[in-house]
Amino acid sequence: MTGPEHYRRAGELAAEAHRLLGQGDGQATAGGWAAVAQTHAVLALAAATAAGASGADSRAWAGAAGTGFGSGRGDH
């Protein structure tokens, strides 16, 4: 997933968690969706932060993201 995809998914999951909050049996499920939404939000933030990286950091982030640019070790 790309950063923007993580961001969009976080919003979708947060909306689902919010929808379930008012339902008695949905409380535990809402907590689970909220946790997954938060994970996607953090991944979106990491991607946005990486977009501002340069040099070896940029290549390492690209490698970690699986974009095929660099080895992920920052040695190119």
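With the first letter of the sequence shown counted as 1, position 39 gets the number 44 in my numbering; the numbers rise by one all the way through.
Beta carbons are placed, not taken as given, at the ideal position from N, Cα and C, and that holds for glycine.
With a cut-off of 8 Å on the beta carbons, I'd call residue i and residue j a contact; round off their distance for me.
i  : j   : result
G8 : A52 : 3 Å
Skipping 5 residues on each side, what residues in its chain have a beta carbon closer than 6 Å to that of residue i?
i   : result
Y12 : A49
E21 : W38
DSSP on residue i, reduced to helix/strand/coil?
i   : result
T7  : coil
Q32 : helix
A58 : coil
Under 7 Å Cβ to Cβ from residue i, same chain only, skipping five residues before and after it: list those, please.
i   : result
G75 : Any reading at G75 must be qualified, since the residue scores a pLDDT of 42, below 50, and its modelled position is unreliable; no value is offered.
G31 : L25
E10 : none
Shorter than 8 Å from the beta carbon of residue i to some beta carbon of chain B?
i   : result
Q32 : Absence of chain B from the displayed structure is noted, only one protein chain being present.
Original post:
Any chance the stretch 29-44 sits against the stretch 54-64, with 3 or more Cβ pairs inside 8 Å?
Top reply: no
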